[in-house]
Structure formats: structure tokens, C-alpha cells
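Participant: Residue numbers (the numbering used here): 12 to 210.
Glycine included, each C-beta is placed from N, C-alpha and C at the ideal position.
Have a look at this one.
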């Protein structure tokens, strides 16, 4: 093979091995491609039920002495408090704790005691509907939220002082006991998944 023929063969080989020109779209790398939205997988996962709603265990039957003590505590806690106020406190704490069983029970109890539908419906936004609740009820609801949401901080002095301005010391002590008691009931209900409407 002559030198010229060898050079032509080498050039032909190089041209064959050279990659074909690419368009701008073809040159897009994986890193340049838009990633799948992170929330897409989360949305799909959220669409699946996370757990079965239903009783886990009959805690009151398994720990009857605790159940009886809780009943006694509730009776003692709400002594001398206005029945309508008691139910508002129980409903608001149960809303915050997402206790369906307690919400079902105490909304029914409030209705039976003569509470209006409007005040029950607005309770979740009572600060925006202050005209529907007395100053004393508002102070009790603010204290209920502060004690229930302890993970967000201490009970502020302003909230406590507001309640203290509307309740005597003994009455305030019972109110705090009532809030504590309904929070305990909520935790029994949520942790054991007590079903609404089923005692």
C-alpha cells in the first residue's frame, strides 16, 4: 500500500469513528433534565390509607381501676363550673388533639345541654367569632389551647392572667383540672383509636 493510500484509509477510519453531530435537544444531559417533582411520590403515598381506623384494644375493660379513677377525676374537676363552659372546653381540646371519639361525644352532650349549632361550628375559630362567646368563655378557651399545646411553649403569663381575671382561684384550679382531664381522655382515645359513637 502506498503512503497516499494509507493516509486516505486512516482519514476514512477517523471519519467513521467520529460521532455524528447532535442537535441541542440531543445534547441535553440527565443533569439538565427537569427532575420529577419531589411531592409527586409523597402525594401518591399520601393517597394510600396510613392505618385502619378502628379500636386497637378496650383499654377501659383492661384497666378498669384507671377508668374509674378517670371518671372520678372528671366529676371532681368540673365541680362548680358552668356546664356550657365545660363542654366548650372539652370540644376545643378534642379538636386540637384530633380525638374523633371525644368530639363526637361532647358535641352531642353540648347539643343536649342546649348549646347552639352556631357556637359549636365556630368553636374551631372562636377568636375570629369572639362576639359569640363571653369574655369568660374566651379566657377559658385561650387557657385550654395553651395547656393543650404545651409542646409549643409554656403557658404564657398573659393567657393565665386573663383566665385569672375571670375565674376565682378555686374555680381556676378546677378549670385547669378539667383541661388536664379532657387531654388525658383525648390521649386514651387517640392512642387506642376509639371509634366515634362506640362506648
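Am I right that residue 193 and residue 105 are in contact with their C-beta atoms under 8 Å? What's the rounded C-beta distance?
Facilitator: Taking the chain shown and counting its residues from 1, one reaches residue 193 at position 182. Taking the chain shown and counting its residues from 1, one reaches residue 105 at position 94. Their Cβ separation, rounded to whole angstroms, is 7 Å, which keeps residue 193 and residue 105 in contact under 8 Å.
Participant: So, with DSSP's three-state summary, where would you put residue 100?
Facilitator: Within the chain shown, numbered from 1, the residue matching residue 100 stands at position 89. Residue 100: helix per DSSP, three-state reduction.
Participant: By Cβ distance, which residues of its chain are closer than 8 Å to residue 42, with the 5 residues on each side in sequence left out?
Facilitator: Your numbering for residue 42 matches position 31 in the chain shown. Only weak support exists for where residue 42 lies, its pLDDT of 46 falling under 50; the coordinates are left without a value.
Participant: Suppose only complete runs of 4+ residues qualify. What are the alpha helix (DSSP H) ranges in the region 111 to 144, listed by chain order?
Facilitator: If we require 4 residues or more, the alpha helix (DSSP H) runs fully inside the region 111 to 144 come out as 111 to 123, 128 to 133.
Participant: Helix, strand or coil for residue 83? Go by DSSP, reduced to three states.
Facilitator: Taking the first residue of the chain shown as 1, we reach residue 83 at position 72. Three-state result, residue 83: helix.
Participant: As a quick exercise: from 160, 70, 110, pick the residue whose alpha carbon is nearest that of residue 208.
Facilitator: As a position in the chain shown, residue 208 is number 197, starting the count at 1. Looking at the Cα atoms, 110 is the closest of the given residues.
Participant: Work out the CA separation of residue 150 and residue 132 for me, nearest whole Å.
Facilitator: Working through the chain shown from its first residue, we reach residue 132 at position 121. Working through the chain shown from its first residue, we reach residue 150 at position 139. Cα to Cα, the separation comes out at about 19 Å.
Participant: Just to confirm, is the Cβ distance from residue 117 to residue 148 under 7 Å?
Facilitator: The residue you call residue 117 lines up with position 106 of the chain shown. The residue you call residue 148 lines up with position 137 of the chain shown. For residue 117 and residue 148, no; Cβs fall outside 7 Å.
Participant: Nearest-angstrom Cα distance between residue 169 and residue 101?
Facilitator: For the purposes of this step, residue 169 is taken as residue 158 along the chain shown, with counting starting at 1. For the purposes of this step, residue 101 is taken as residue 90 along the chain shown, with counting starting at 1. Roughly 22 Å between the two C-alpha positions.
Participant: Measuring only the C-alpha atoms, how far is residue 81 from residue 90?
Facilitator: Locating residue 81 in the chain shown gives position 70, counting from the first residue. Locating residue 90 in the chain shown gives position 79, counting from the first residue. Straight-line Cα distance between these residues: approximately 14 Å.
Participant: In whole angstroms, what separates the C-alpha of residue 172 from that of residue 134?
Facilitator: Working through the chain shown from its first residue, we reach residue 172 at position 161. Working through the chain shown from its first residue, we reach residue 134 at position 123. Near 22 Å, if we compare the C-alpha coordinates of residue 134 and residue 172.
Participant: Are three or more beta carbon pairs between the region 121 to 132 and the region 171 to 188 nearer than 8 Å?
Facilitator: Contact between the region 121 to 132 and the region 171 to 188 is absent, because fewer than three Cβ pairs lie under 8 Å.
Participant: By Cβ distance, which residues of its chain are closer than 8 Å to residue 146, with the 5 residues on each side in sequence left out?
Facilitator: Looking up residue 146 in the chain shown gives position 135. Excluding residues within five positions, the ones whose Cβ falls inside 8 Å are 177.
Participant: Going by the CB atoms, is the gap between residue 204 and residue 66 shorter than 7 Å?
Facilitator: Your numbering for residue 66 matches position 55 in the chain shown. Your numbering for residue 204 matches position 193 in the chain shown. Contact: yes.
Participant: Shortest alpha-carbon distance to residue 126 belongs to which of 165, 144, 180, 83?
Facilitator: Position 115 of the chain shown, counted from the start, is the residue given in the question as residue 126. Of the candidates 165, 144, 180, 83, the one whose C-alpha sits nearest the C-alpha of residue 126 is 144.
Participant: Tell me whether residue 185 sits in a helix, a strand or coil according to DSSP, three-state version.
Facilitator: Locating residue 185 in the chain shown gives position 174, counting from the first residue. If DSSP states are grouped into helix, strand and coil, residue 185 belongs with the helices.
Participant: Using the three-state DSSP reduction, which class does residue 39 fall into: helix, strand or coil?
Facilitator: Against the chain shown, residue 39 aligns to sequence position 28. With a pLDDT of 46 at residue 39, under the threshold of 50, the predicted position of this residue should be treated as unreliable, though the coordinate-derived value follows. Coil at residue 39, not helix or strand.
Participant: May I ask you to report which of helix, strand or coil DSSP gives residue 165?
Facilitator: Your numbering for residue 165 matches position 154 in the chain shown. Residue 165: coil per DSSP, three-state reduction.
Participant: Tell me which same chain residues have a C-beta within less than 7 Å of the C-beta of residue 78, skipping the five on either side of it?
Facilitator: Position 67 of the chain shown, counted from the start, is the residue given in the question as residue 78. So the list reads 71, once near-sequence residues are dropped.
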